[in-house]
Amino acid sequence: MRKRPGIGAIHKQRVEQERFRGKATELQDNVFEQMANQMEKFRTNLETFASKHRNEIKKNPTFRKQFQEMCASIGVDPLASSKGFWSELLGVGDFYYEIAVQVIEVCMATSQRNGGLITLGELRQKLIKARGKAQHHQNISNDDIIRAIKKLKVLGSGFSIISLKDTQDSSDVLIRSIPGELNADHTEVLKIAEAQAFTTIETLKCKLKWDDVRCQQILNELIRDGVAWVDGQSTTKTYWFPSFFKPLINEG
Amino acid sequence: MDRFYFKDKNDCSKEITSYPHTTWKGVRLYDGDSKTEYKSEIVYLTPSHLYFSSKDRTTMNMVLDLKCIVLVEEEEGNILRSSKIILHLLPYVCEQHSKPYARSSASFIKLAFSDGGLSSFKNSVQKALLERAWEKNTENSSTSHPAPMAFRSGIVGIERRLQEKVENNSSSIQVAFQDMKNLIDMAKDMVQLASVMSSKIKVCIFLFATSDCYLIFLSQDRHGDISDDETVKFKSYLLSLGIEDPVTRNACSSSDVFCQHLAKEIATFLLTPISDSGGFMSLSDAYCRVNRARGFELLSPEDFFQACNYMEQLNLPLTCRKFESGVLVLQLQSQTNSQLEKNTETLLQARQKLTAFEVSQEFGISIVLAAECLYTMERKGVVCRDDTVRGLMFYPNEFSSRTQIIRASLA
């Protein structure tokens, strides 16, 4: 056929291209959806296998490695068994160790964001989400988590439970996973306060992108150690750092 | 229109009459965009063919195989033009038939329906295309037509190939997870499939993110990537650093031997992560990492702690250290306290005055650790404190050095 000159042809070409693109996205869409479905199937299968055939998997070392690789690339938690009678009664055994491992994992994964402080409620939510979809993975109570954390006592006081109030409400219980010795937050706060010799929670929240609890906790510790002083006269509390006073006076 | 061919009316009458409800009259044909002489055709749709008959042709019908059709589209009309159906066709496949058009450069044909029925035609054809009745026929007569669709290409080809792949994967997943034995046999393939799938989905997400579909995609529940959840991602990372052959209590003759082996295993595994994270790692973090790497062979916190205590004895590159506060960490052997104290002393000589904050900033350690280092040095008599309202400051211990000088002069 003769090649058509003019605007019409260009327009037509564009329409055609548009159509091809449409088809391409449609195809992509389809493939993606199917792939996602398969992945979901794969995941549920792996989950059931992990809890059902655990002992058999343990016995076979090469397969164990392969199974773990599968879990790693699909995002399944191989350690997600249900609570047995004995573990509930005696509080021993793999179940609470599993939870403990998962609890630490959640804390480590979120520590970038929250500085190692997490409420029990959030911790539980994340833990359940990471364990998997099956029903028995979901039956983790706050009490289970607390028990698991208590199992970690032998590993030192680095992992601790802080009750903000004397209630059992899960949003008032904090889990602290980074001990002071390994916590760089204090240094961060001091760095910010250094220029003006004081700071406020608002400033910290804005500059460090921390939440209220984290800022307050660090400031409280600095007050406790005598590094910071509180000034309650203004509408918002200001926190002063006397160790930074002198250079300011000298400069003035 | 070169995909059309002629067929004797008698040959097709049986097929046509068995589908009486799929007939359209007054159809005009276009080859590409140009009008043809076929102005008023009667179209019959059967599961695998489209037949075009006309009063002008007494003996022959024109036939178009449905397998040639890639895509059915509707072209909106306006005041000047009627709406039309566009059939996109596969490239020319030479077959031994006489044809109305020997060659045509257009890859599509258009149909105009002067007597109506455009949308019903579109729906029926699409339905027939989905059912793919002709594939069943060729299966039966595959001996007579050796691989008639071997070189399928174009969009439908791509579509089909993708579909095939997906189906293959689906069935192999199903087989593999039937029981334990199957899974063990197929483990290698499954590992590969798992990693391919997750990486492909990541690519898809990337494509989605770069195309305008991003918003649509976001609105769907994101079950694509192994997860957007930080914990799940982190877990995958931990799991992927496996320990090949974890030490177990059963394999060891005594509890002592077990702990020693375990200590070695932990030290080897954690050496890199601890060096990367500044030389310290809390015992709980270490516990989690080691257990994840071991997979199913969970350690109890007690065993882990015992093993860590053996480290110093075994001269491993890591040691377990307890802080005053009761916090336990694993620490690089090379980065012991004495090293830190030496560095602090040099810094103190340069500045003449130090706070814990300065030490922490200088060496990239936490304030608590810096303070602890200064306290230890104070106990050893290297520094002196000045506890003021401005905070705690440390100076070089002139008392001891002066006393020594005085003593030397007295003697």
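So the protein lines, in turn, are chains A and B.
Residue 731 is where the first sequence starts when you use the numbering used here, and the numbers rise one by one after that.
Residue 2 is where the second sequence starts when you use the numbering used here, and the numbers rise one by one after that.
By construction, the Cβ of each residue, glycine as well, lies at the ideal position given by its N, Cα and C atoms.
Fair warning: this is a prediction, and the values are worked out from it, not measured in the lab.
Apart from the five residues on each side of it in sequence, which residues of its chain come closer than 7 Å, Cβ to Cβ, to residue i?
| i | result |
| --- | --- |
| residue 134 of chain B | 48, 49 |
| residue 791 of chain A | none |
| residue 960 of chain A | 953, 967, 969 |
| residue 292 of chain B | 299, 300 |
When you compare only the Cα positions, how much space is there between residue i and residue j?
| i | j | result |
| --- | --- | --- |
| residue 276 of chain B | residue 317 of chain B | 14 Å |
| residue 806 of chain A | residue 314 of chain B | 38 Å |
| residue 280 of chain B | residue 852 of chain A | 30 Å |
| residue 757 of chain A | residue 305 of chain B | 52 Å |
| residue 932 of chain A | residue 192 of chain B | 49 Å |
| residue 54 of chain B | residue 778 of chain A | 60 Å |
| residue 4 of chain B | residue 760 of chain A | 29 Å |
| residue 129 of chain B | residue 862 of chain A | 41 Å |
| residue 24 of chain B | residue 40 of chain B | 16 Å |
| residue 750 of chain A | residue 73 of chain B | 13 Å |
| residue 311 of chain B | residue 344 of chain B | 28 Å |
| residue 174 of chain B | residue 772 of chain A | 7 Å |
| residue 883 of chain A | residue 171 of chain B | 46 Å |
| residue 737 of chain A | residue 114 of chain B | 28 Å |
| residue 391 of chain B | residue 957 of chain A | 8 Å |
| residue 938 of chain A | residue 309 of chain B | 35 Å |
| residue 754 of chain A | residue 264 of chain B | 55 Å |
| residue 859 of chain A | residue 827 of chain A | 18 Å |
| residue 1003 of chain A | residue 797 of chain A | Residue numbering for chain A in the displayed model covers 731 to 982; residue 1003 of chain A lies beyond these limits and cannot be assessed. |
| residue 235 of chain B | residue 835 of chain A | 8 Å |
Tell me whether residue i sits in a helix, a strand or coil according to DSSP, three-state version.
| i | result |
| --- | --- |
| residue 970 of chain A | strand |
| residue 333 of chain B | strand |
| residue 905 of chain A | strand |
| residue 391 of chain B | coil |
| residue 253 of chain B | coil |
| residue 85 of chain B | strand |
| residue 412 of chain B | coil |
| residue 38 of chain B | coil |
| residue 965 of chain A | coil |
| residue 746 of chain A | helix |
| residue 955 of chain A | coil |
| residue 397 of chain B | strand |
| residue 376 of chain B | helix |
| residue 47 of chain B | coil |
| residue 286 of chain B | helix |
| residue 126 of chain B | helix |
| residue 198 of chain B | helix |
| residue 25 of chain B | strand |
| residue 913 of chain A | coil |
| residue 803 of chain A | helix |
| residue 147 of chain B | Any reading at residue 147 of chain B is ruled out, since the residue's pLDDT is 44, under 50, leaving its predicted position unreliable. |
| residue 74 of chain B | strand |
| residue 100 of chain B | coil |
| residue 848 of chain A | strand |
| residue 12 of chain B | helix |
| residue 322 of chain B | strand |
Can you tell which of the options has the C-alpha that lies nearest to the C-alpha of residue i?
| i | options | result |
| --- | --- | --- |
| residue 371 of chain B | B:346, B:4, B:196 | B:346 |
| residue 341 of chain B | B:407, B:378, B:330 | B:378 |
| residue 60 of chain B | B:259, B:9, B:199, B:303 | B:9 |
| residue 946 of chain A | A:911, A:927, A:904 | A:904 |
| residue 795 of chain A | B:384, B:392, B:296, B:111 | B:296 |
| residue 87 of chain B | B:14, B:380, B:126, B:160 | B:126 |
| residue 930 of chain A | A:962, A:913, A:906 | A:962 |
| residue 181 of chain B | A:893, A:776, A:763 | A:776 |
| residue 62 of chain B | B:262, B:81, B:14 | B:14 |
| residue 915 of chain A | A:891, A:948, A:782, A:893 | A:948 |
Only counting the same chain, and skipping five residues up and downstream in sequence, which positions put a Cβ closer than 6 Å to that of residue i?
| i | result |
| --- | --- |
| residue 6 of chain B | 64, 98, 100 |
| residue 283 of chain B | 330 |
I want to verify the contact list: residues of chain E whose CB lies under 7 Å from the CB of residue i, in sequence order.
| i | result |
| --- | --- |
| residue 356 of chain B | No chain E appears in this structure, whose protein chains are A and B. |
Enumerate in chain order the residues of its own chain whose CB-to-CB distance from residue i is below 8 Å, with the five nearest sequence positions on each side excluded.
| i | result |
| --- | --- |
| residue 288 of chain B | 300, 302, 305 |
| residue 132 of chain B | 48 |
| residue 271 of chain B | 282, 287, 290, 291, 319, 331 |
| residue 326 of chain B | 369 |
I want to check one thing, is the minimum distance from the CB of residue i to the heavy atoms of the ligand COA below 7 Å?
| i | result |
| --- | --- |
| residue 356 of chain B | Inclusion of the ligand COA in the displayed structure is not the case, the ligand content being empty and no account of it being possible. |
### Stretch pair the stretch 955-972 of chain A + the stretch 70-79 of chain B: three plus CB contacts closer than 8 Å
With fewer than three CB-CB distances shorter than 8 Å, the stretch 955-972 of chain A does not count as touching the stretch 70-79 of chain B.
### Message
Contact between the stretch 917-935 of chain A and the stretch 351-368 of chain B is defined here as three or more beta-carbon pairs at a separation below 8 Å; is this criterion met?
### Response
Yes, the stretch 917-935 of chain A is in contact with the stretch 351-368 of chain B.
### Task
For the stretch 390-402 of chain B and the stretch 347-357 of chain B, state whether three or more C-beta atom pairs, one from each stretch, are separated by less than 8 Å.
Taking one beta carbon from each stretch, the stretch 390-402 of chain B and the stretch 347-357 of chain B have 3 or more pairs nearer than 8 Å; the two touch.
### Message
Closer than 8 Å is the cut-off here; do at least three beta carbon pairs connect the stretch 114-126 of chain B with the stretch 17-35 of chain B?
### Response
Verdict: yes, contact present.
### Query
Counting Cβ pairs closer than 8 Å, one from the stretch 403-410 of chain B and one from the stretch 9-18 of chain B, do we hit at least three?
Output reads no: the stretch 9-18 of chain B does not touch the stretch 403-410 of chain B.
#### Entry: Contact the stretch 876-895 of chain A vs the stretch 252-266 of chain B: 3+ CB pairs below 8 Å
Using a C-beta cut-off of 8 Å, the stretch 876-895 of chain A makes no contact with the stretch 252-266 of chain B, since fewer than three inter-stretch Cβ pairs fall below that distance.
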